[in-house]
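Enquirer: Dumping the structure here so I can ask a few things about it.
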Amino acid sequence: MAETSETRYRVGGMDCAACASKIDAAVRRVAGVADVSVSVMAGTMTVRHDGSSDLKAIEKKVTGLGYSVSPFAGSAAPAHERGSHDHHDHDHGDHEGHDHASHDHDHAGHDHDHAAHGETEIEGLHGHDHTPMTGPWWQSRKGRLTILSGAALVAAYAIGHLVPAIASYAFIIAMLIGLVPIARRAVMAALSGTPFSIEMLMTIAAVGAVIINAGEEAATVVFLFLVGELLEGVAAGKARESIQSLTALVPKNALLEDNGQTREVPAENLTVGAIIMVRPGDRISADGIIVSGESAIDEAPVTGESTPVRKGVDAIVFAGTVNGDAVLRVRVTAAAADNTIARVVKLVEEAQESKAPTERFIDRFSRYYTPGVVVVAALVAVVPPLLFGGSWSEWVYKGLAILLIGCPCALVISTPAAIAASLSAGARRGLLMKGGAVLETLGKVTMVAFDKTGTLTEGKPQVTDIVSFGLSEAQVLSRAAVLEQGSSHPLALAILNRAKADGVPVPPAFELEALPGKGVSGKVGGETLDLLSPSAARERGALDGDKDARITVLNDEGKSVSVLLVNGVAVGLIAMRDEPREDAKTGLSTLKSAGVKTMMLTGDNKRTAAAVAGMLGIDWRGEMMPEDKQRVVGELKRQGFIVAKVGDGINDAPALAAADIGIAMGGGTDVALETADAAVLHGRVGDVARMIELSKRTMRNILQNISIALGLKAVFLVTTIAGITGLWPAILADTGATVLVTINALRLLQVKG
């Protein structure tokens, strides 16, 4: 098999799905190209090819259609060399984004040339916003062409009033100013495989109108068409900015520690392992781990988490979050192109390139719909005059109006615009979904299966009970902590954290010794201390019936118990359990109220599972190996449930893959982001319900969009044939529908939650 390479491009000037399908059709015709995916909303194109393709020919095809194109730096790596295709683009996917953001601020006025190398030969080809819509609209090429066309139209009206004899010529000239670039694009599109483009319909209608002596209307229609395209460009730019603005959260500069001195360096030059200083109130400039300091960190910009989180040494921090009240020193763990925000932006951009089932259906529908419209328009123009003696000019005029009404723009963009807005809105709240298909399926989920540890629970045990026999609770805790010093076992950490929280003294111990499978022993101030498992304490004869009964009660509550012995006598019990997350109960009840069933799958013993499930009010299955979880997910699917599996992504990979939707939970572990279909960056249980709600809202929005697009067309089709409306209301109906649909989709960006 020939090796395939993948090259990613930024494409400037796409603002509706018709643009994407023209580019797709043209690039697929280049020899050696295996697959093309184009995202209007992200402004990107990914081409998979066998290495024999002439990349310059691909760029020429795209610039020939009137778009700007520039490859992401170094993006043509053979697929087999790249390892996971996820990492391969990090480096460029983001700098472009940074660029975007900085252009916006620094020189919004410049007409963007960061992709202009391919545009020089075809200067006039630009009706369809052929530069990214940053900066004021009137400085884009599309804006200038629209203004020029409008001015020519006004001039033609003035001339027509003053010298009526040459009015018709003035309107023809005004029309040509706008139509020539449109017609050139129509021809290029037809040559590269898209004969029925909106530009072609527009050109036929305008030329036809001139032939039947409706020059004034032809000029007006061309001008309105350009205005509509300009509005589409502005709306598409808004949707694109919403996700790109995430990259603007990362500060441009960082304070790097270098031989005891701090100096300011560009954030993108930071290397993994560097130590940076973050002052109170500053945004953190890289993903990293705190080396010294403790502070409240506001993560709202990245995860939408409203209350600041207290973080100390060894805690993980994200680029773009805001340091609250103390100086922190942070060791950088990811280069700028690999930080959380860069990966989120990249995941969202890739997600927008993958189509949802509804979107694929509409693409297929429009492939037959547009030629169908051309046939209907031709019949309307020709049949009544030929067979029923109708007036040629009247029916040809109606046929031309139908051509314009038939443009599928609004219909084709109805789905991708809503999906792009939702993916962006989700990403800004820490809800990542990999593509439209995932977003569409989420709304249909009827059963959510949760992993227990680290998903429904905190993932680390906490001391729940201290039972003392003869000593105070503080004395029991203090002695237990003495023995656990220096251990990194989760149960030991639970005891040490509790001792620190309660402020009990922890004196140094002597002759500390681990007793494998039993516990630890040591000496402090003349006492011999042992912290043992209940079975090891029984062996020593340290437990009587009363103490054993206490241990059984604690075990039945799903708690692990350690027994503290002083000089061979049991003086206390310490019980620990991995407690449910604060938001687990409310998150699960939100799902239930939305009519979604829930279940907990855990590898833990049945007593612990039953105890946690009892606190949360959820069905459960315990003592499960990863393959058992996978089997249960399969059984649920066979029972007719649409299953989402939520886990922290490492031991859950088989079950995540088996479910209809796999959702990775928690700090966005790499494995989770790559194996799952969706990820919840905060690790809040309630976010699963939010994701499902966002999906349902999106599907409603798509239905509204399709109704607006087809409804307006139907109304104008009837009024045109009845002779009530003419050419220019027809074009208004088309661009108006497109703009309405885009604005409706952008409402999804405002999702609060």
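Under the working numbering, think of the first position of the sequence shown as 27, with each following residue one higher. We treat Cβ as the ideally placed atom computed from N, Cα and C, and that holds for glycine.
Would you kindly report the start and end of the unbroken alpha helix (DSSP H) that includes glutamate 385?
Expert: Residue mapping note: residue 385 aligns to position 359 of the sequence shown, counting from 1. Taken as a continuous stretch (DSSP letters only), the alpha helix (DSSP H) holding glutamate 385 covers 383-414.
Enquirer: Tell whether a beta-carbon distance below 8 angstroms holds between valine 669 and methionine 691.
Expert: Position 643 of the sequence shown, counted from the first residue, corresponds to residue 669. Position 665 of the sequence shown, counted from the first residue, corresponds to residue 691. Against a cut-off of 8 angstroms, the Cβ pair of methionine 691 and valine 669 comes out as no contact.
Enquirer: Using a threshold of 8 angstroms, state whether the C-beta atoms of threonine 768 and leucine 465 are closer than that.
Expert: Position 742 of the sequence shown holds residue 768. Position 439 of the sequence shown holds residue 465. No, they are not a contact pair.
Enquirer: Less than 8 angstroms separating the beta-carbons of leucine 482 and proline 606?
Expert: As a working mapping, residue 482 is identified with position 456 in the sequence shown. As a working mapping, residue 606 is identified with position 580 in the sequence shown. Yes. Within cutoff.
Enquirer: Taking one C-beta from the segment 614-623 and one from the segment 487-501 each time, how about it: are there three or more such pairs within less than 8 angstroms?
Expert: The segment 614-623, when compared against the segment 487-501, does not touch it at the 8 angstroms Cβ threshold.
Enquirer: So, are the CB atoms of isoleucine 431 and phenylalanine 742 less than 8 angstroms apart?
Expert: For the purposes of this step, residue 431 is taken as the residue at position 405 of the sequence shown. For the purposes of this step, residue 742 is taken as the residue at position 716 of the sequence shown. Contact flag set, yes.
Enquirer: Identify whether valine 62 lies in helix, strand or coil by the three-state DSSP scheme.
Expert: Translated into the one-based positions of the sequence shown, residue 62 becomes position 36. If DSSP states are grouped into helix, strand and coil, valine 62 belongs with the strands.
Enquirer: What number of angstroms, rounded off, separates the C-alpha of lysine 278 from the C-alpha of asparagine 285?
Expert: Within the sequence shown, residue 278 is the residue found at index 252, counting from 1. Within the sequence shown, residue 285 is the residue found at index 259, counting from 1. Looking at the two C-alpha atoms, the distance is approximately 22 angstroms.
Enquirer: In the structure shown, what three-state DSSP assignment does asparagine 349 receive?
Expert: Looking up residue 349 in the sequence shown gives position 323. Strand.
Enquirer: For valine 370, which residues in the same chain have their Cβ closer than 6 angstroms to its Cβ, ignoring the five residues on either side in sequence?
Expert: What you label residue 370 is simply residue 344 of the sequence shown in a count that begins at 1. So the qualifying residues of the chain are Ala453.
Enquirer: What does the Cβ neighbour count give for proline 207, buried or exposed, with the cut at 16 atoms within 10 Å?
Expert: Walking along the sequence shown from the start, residue 207 turns up at place 181. With 16 or more other Cβ atoms inside 10 Å of its own Cβ, proline 207 counts as buried.
Enquirer: Enumerated in chain order, which unbroken segments of the beta strand (DSSP E) with a length of 3 residues or greater are wholly contained in the segment 533-576?
Expert: Segments of the beta strand (DSSP E) lying fully in the segment 533-576: 536-541, 545-550, 553-558.
Enquirer: Tell me, which residues are paired with aspartate 477 by DSSP?
Expert: Residue mapping note: residue 477 aligns to position 451 of the sequence shown, counting from 1. Within the DSSP secondary-structure output, aspartate 477 pairs in a beta bridge with Leu627.
Enquirer: Judging by CA-CA distance, which residue of Arg305, Gln378, Ala345 is the nearest neighbour of threonine 366?
Expert: In the sequence shown, the residue the question calls residue 366 occupies position 340. Proximity to threonine 366 across Arg305, Gln378, Ala345 peaks at Ala345, based on C-alpha coordinates.
Enquirer: Counting only runs that start and end within the segment 420-465, where is the beta strand (DSSP E) found for 3 or more residues in a row?
Expert: 457-459
Enquirer: What is the rounded straight-line gap between the Cα of threonine 578 and the Cα of alanine 377?
Expert: Within the sequence shown, numbered from 1, the residue matching residue 578 stands at position 552. Within the sequence shown, numbered from 1, the residue matching residue 377 stands at position 351. One C-alpha to the other measures close to 51 angstroms.
Enquirer: Output the boundary residues of the alpha helix (DSSP H) element that contains glycine 521.
Expert: Position 495 of the sequence shown, counted from the first residue, corresponds to residue 521. Correcting the residue type first, residue 521 is isoleucine in the shown sequence and not glycine. 516-528 is the span of the alpha helix (DSSP H), which, as asked, contains isoleucine 521.
Enquirer: Mind reading off the beta-carbon distance from valine 358 to leucine 257? Whole number of angstroms is fine, and I expect it under 8 angstroms.
Expert: Residue mapping note: residue 358 aligns to position 332 of the sequence shown, counting from 1. Residue mapping note: residue 257 aligns to position 231 of the sequence shown, counting from 1. Contact doesn't hold; Cβ gap of about 43 angstroms is too wide.
Enquirer: Under three-state DSSP, which class holds leucine 590?
Expert: Position 564 of the sequence shown, counted from the start, is the residue given in the question as residue 590. Strand, per DSSP.
Enquirer: Less than 8 angstroms between the beta carbons of isoleucine 310 and glutamate 283, yes or no?
Expert: Counting from 1 along the sequence shown, the entry for residue 310 is found at position 284. Counting from 1 along the sequence shown, the entry for residue 283 is found at position 257. Result no, Cβ atoms of isoleucine 310 and glutamate 283 do not sit closer than 8 angstroms.
Enquirer: Based on the DSSP secondary-structure assignment, which residues constitute the bridge partners of valine 706?
Expert: The sequence position of residue 706 within the sequence shown is 680, counting from 1. DSSP output for valine 706 lists Leu457, Met691 as bridge partner(s).
Enquirer: According to DSSP, is alanine 670 part of a helix, a strand, or is it coil?
Expert: Here residue 670 refers to the residue found at position 644 when the sequence shown is read from its first residue. Correct three-state label for alanine 670: strand.
Enquirer: Please list the terminal residues of the continuous alpha helix (DSSP H) segment that includes glutamate 583.
Expert: Your numbering for residue 583 matches position 557 in the sequence shown. Where glutamate 583 is concerned, there is no enclosing alpha helix (DSSP H), given that its DSSP letter is neither H nor E.
Enquirer: In whole angstroms, what separates the C-alpha of tryptophan 24 from that of isoleucine 203?
Expert: Nothing can be reported for residue 24: it is not among the residues displayed for the chain, which extend from 27 to 779.
Enquirer: Go through its chain and collect everything with a Cβ distance to aspartate 117's Cβ below 6 angstroms, but skip five positions before and after it.
Expert: On the sequence shown, residue 117 is found 91 positions in, with the first residue counted as 1. Legend: pLDDT at aspartate 117 = 36, less than 50; position of this residue unreliable, no value from coordinates given.
Enquirer: Glycine 92: buried (16+ other C-beta within 10 angstroms of its C-beta) or exposed?
Expert: On the sequence shown, residue 92 is found 66 positions in, with the first residue counted as 1. By the 10 Å Cβ count, glycine 92 comes out buried.
Enquirer: Just verifying my parser: in three-state terms, what is the DSSP assignment at tyrosine 93?
Expert: Translated into the one-based positions of the sequence shown, residue 93 becomes position 67. If DSSP states are grouped into helix, strand and coil, tyrosine 93 belongs with coil.
Enquirer: Do glycine 299 and arginine 355 come within 8 angstroms of each other at the CB atom, strictly closer than that value?
Expert: On the sequence shown, position 329 is the one that residue 355 refers to. On the sequence shown, position 273 is the one that residue 299 refers to. Not closer than 8 angstroms, so no.
Enquirer: Would DSSP call arginine 309 helix, strand or coil?
Expert: Numbered from 1 along the sequence shown, position 283 holds the residue referred to as residue 309. If DSSP states are grouped into helix, strand and coil, arginine 309 belongs with the strands.
Enquirer: Within 10 angstroms of the Cβ of isoleucine 316, are there 16 or more other Cβ atoms? Answer buried if so, exposed if not.
Expert: Sequence index remark: in the sequence shown, residue 316 carries index 290 (1-based). Counting Cβ neighbours within 10 Å, isoleucine 316 comes out buried, since at least 16 surround it.
Enquirer: Counting only runs that start and end within the segment 158-187, where is the beta strand (DSSP E) found for 3 or more residues in a row?
Expert: none
Enquirer: Reducing DSSP to helix, strand and coil, say where glutamate 375 ends up.
Expert: As a working mapping, residue 375 is identified with position 349 in the sequence shown. Note: glutamate 375 maps to helix in three-state DSSP.
Enquirer: With DSSP as the reference, label methionine 650 as helix, strand or coil.
Expert: For the purposes of this step, residue 650 is taken as the residue at position 624 of the sequence shown. Methionine 650 falls in the coil class under three-state DSSP.
Enquirer: Pick helix, strand or coil for isoleucine 199, following the three-state DSSP scheme.
Expert: Position 173 of the sequence shown, counted from the start, is the residue given in the question as residue 199. Residue state, collapsed to three classes: helix.
Enquirer: Figure out for me which residue from Ile747, Val714, Thr764, Arg710 has the closest Cα to the Cα of leucine 736.
Expert: Looking up residue 736 in the sequence shown gives position 710. The shortest Cα separation from leucine 736 among Ile747, Val714, Thr764, Arg710 belongs to Thr764.
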